[in-house]
Structures are given as structure tokens and as C-alpha cells.
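A.B. asks: Have a look at the structure that comes next, please.
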Ligand code: ITT
């Protein structure tokens, strides 16, 4: 199978990538030695995804892609946004902080979306794609599935939280599912990895 390196240390993301990008053997950048973790200092999801993809390509010498994603809450002017992973020290603390910030925000103003940018890098090609999914932030957690902010993100498409959804349901409408589908189409048009044989 064609090999591609995923520039992520997030196991939740890696699982979803493997479920969605079938047809590729997805290696983790963590499996390659001597890695210096790049600083994710971009201002946009696309910039950060590119930083990760370029670093993974440098480290592995194989076709590489990076995902940068996050939750953007309208009532907080788009926060936590590109800072979603660093909003508080642990996933539970991040949810608690967000629920606290939104304590006095009325139901109709709790709209939010997840965005996911995916960037690709090999010796010849470099590109990014981006997608989003819409919903709103509940007042309490619902569901044990997924990762990160999934238990408090109520998906407009699914009519339930991502935490309460089966992984196939989430992948069908999620920011990452949509971005990875665009990504896979683009890889096909470039015939990337074609020389590796299937
Ligand atoms: P890598 O940089 O190693 O990929 P990370 O977790 O630091 O892992 P990001 O910088 O892209 O990744 O931060 C994304 C954060 O946004 C992630 O840690 C979650 O808190 C949140 N997030 C992104 N996608 C999500 C999803 O599908 N469900 C729930 N939370 C998500």
C-alpha cells in the first residue's frame, strides 16, 4: 500500500485519519527518529498545517501531511481557534474553561464551528485544503466518544454531539472528514504516491 506520514501526535486524529483515508498506509511522524517538534506559530489553520507537513517531510523523507484544527466559538470572537489545543492544560480542563466562559451566553448565541486545514508536502508538491462543520456548544457534556471538545459540540448535521456519535457518523460530516475527502481527491489528481504501487 502507498505510504504517507501523518504529522500528528494526537491519537484521536490519527484514528480518524486511518478510518477516512483508506487506501493509504498512514505512518505517524512519531515513528521517525531525531525529530524536532516544529513551533506551531502560524496565525491560521492553513499556516500551522503547512508547518507540520513540512517538518514531517524533512524528518521522514516521505510524502507527508499535517492537520491543524480547532473549535471557533462565535460568542468568543472565534476563540479558542488556532489555540484550541493550548486553551487549558488537559482536555477536561479545556472543556470546563469553555463552559465557564459561555456560562451567561444564551442558547441562541452558542453557535460554533470546527475547522480543519490539511497540508501536504513531498519533493514536488505542496498544497492545503480546508473545511468546516457547524453546530453549537451545549451546557453539559453528552457522550463518551471522540476526543477533545466532542462531548460539548452539538452537530447541526447529526442532531447530537460528536461525543455521542459513532465514529463513522462523525467522520461523514466532520471538519476533518470533509477536509480529508478534499485532500484525497487532490492527491488523486496529482497521482501522488502512484509510483509506490498499491
Ligand atoms: P497535533 O498538533 O500533534 O496534530 P494537537 O492536538 O496539538 O495535535 P492541533 O494543534 O491541531 O492538534 O489542535 C487541535 C485541537 O482542537 C485538539 O487538540 C482538540 O482540542 C481540538 N479539536 C480538533 N479537532 C477536533 C475534533 O474532531 N473533536 C474535538 N476536538 C477537536
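Numbering (my numbering), first residue to last: 1082 to 1279. We put the beta carbon where it would ideally sit given N, CA and C, even for glycine.
1) Just the C-alpha distance for residue 1183 and residue 1156, rounded to the nearest angstrom, thanks.
2) Mind the definition here: the stretch 1236-1252 touches the stretch 1198-1209 only if three or more C-beta pairs lie below 8 angstroms; say whether that holds.
3) Find the nearest neighbour of residue 1228 within the set 1143, 1171, 1087 and 1187, judged by alpha-carbon distance.
4) Considering residue 1177, what are the terminal residues of the alpha helix (DSSP H) in which it resides?
5) Taking 7 angstroms as the cut-off, is the C-beta of residue 1201 nearer than that to any heavy atom in the ligand ITT?
6) Going by alpha carbons, who is nearest to residue 1143 out of 1216, 1204 and 1231?
7) At a cut-off of 7 angstroms, would you count residue 1138 as near the ligand ITT, judging by its Cβ distance to the nearest heavy atom?
8) Give the list of continuous beta strand (DSSP E) stretches no shorter than 3 residues that lie fully inside the stretch 1200-1240.
9) Express the C-alpha separation of residue 1173 and residue 1256 in angstroms, rounding to a whole number.
10) So is residue 1212 in contact with chain C if we call contact Cβ pairs under 8 angstroms?
11) For residue 1254, report the span of its alpha helix (DSSP H) as first-last.
12) Please state if the CB of residue 1088 and the CB of residue 1147 are separated by a distance shorter than 8 angstroms.
13) Quick check: the Cα distance between residue 1245 and residue 1223, rounded to an integer number of angstroms?
14) Does the stretch 1116-1124 come within contact of the stretch 1175-1195, defined as at least 3 CB pairs closer than 8 angstroms?
15) For my contact list, residue 1098 and residue 1219 are in at a C-beta cut-off of 8 angstroms; report their separation, rounded to the angstrom.
16) Verify the contact flag: residue 1089, CB atom, against every heavy atom of the ligand ITT, threshold strictly below 7 angstroms.
17) Tell me whether residue 1242 sits in a helix, a strand or coil according to DSSP, three-state version.
18) Taking residue 1111 as the reference, give the member of 1124, 1090, 1123 and 1095 with the closest Cα.
19) With distances taken Cα to Cα, identify the nearest neighbour of residue 1207 among 1159, 1241, 1193 and 1267.
C.D. replies: In short:
1) Using only the alpha carbons, I get a separation of about 8 angstroms.
2) Segments in contact, no.
3) Minimum Cα-Cα distance from residue 1228 among the listed residues 1143, 1171, 1087 and 1187 corresponds to 1171.
4) 1172-1182 is the span of the alpha helix (DSSP H), which, as asked, contains residue 1177.
5) Because no heavy atom of the ligand ITT lies under 7 angstroms away, the Cβ of residue 1201 does not count as near it: no.
6) By alpha-carbon distance to residue 1143, the top candidate from 1216, 1204 and 1231 is 1204.
7) Taking the Cβ of residue 1138 as the reference point, every heavy atom of the ligand ITT lies at 7 angstroms or farther away.
8) The stretch 1200-1240 contains, as complete beta strand (DSSP E) runs of 3+ residues, the segments 1207-1218 and 1234-1236 (chain order).
9) If you take the alpha carbons of residue 1256 and residue 1173, they lie about 21 angstroms apart.
10) The structure shown contains no chain C, having only a single protein chain.
11) Looking at the DSSP string, the run of the alpha helix (DSSP H) that includes residue 1254 is 1248-1254.
12) Yes, these two residues count as a Cβ contact at 8 angstroms.
13) Rounded to the nearest angstrom, the two C-alpha atoms are 6 angstroms apart.
14) At 8 angstroms Cβ cutoff, the stretches do not touch.
15) Between residue 1219 and residue 1098 the Cβ distance is about 26 angstroms, and since that is not below 8 angstroms, they are no contact.
16) The ligand ITT has a heavy atom closer than 7 angstroms to the beta-carbon of residue 1089.
17) In the structure shown, the three-state DSSP call for residue 1242 is strand.
18) Measuring from the Cα of residue 1111, the nearest candidate turns out to be 1090.
19) Nearest to residue 1207 by C-alpha distance, out of 1159, 1241, 1193 and 1267, is 1267.
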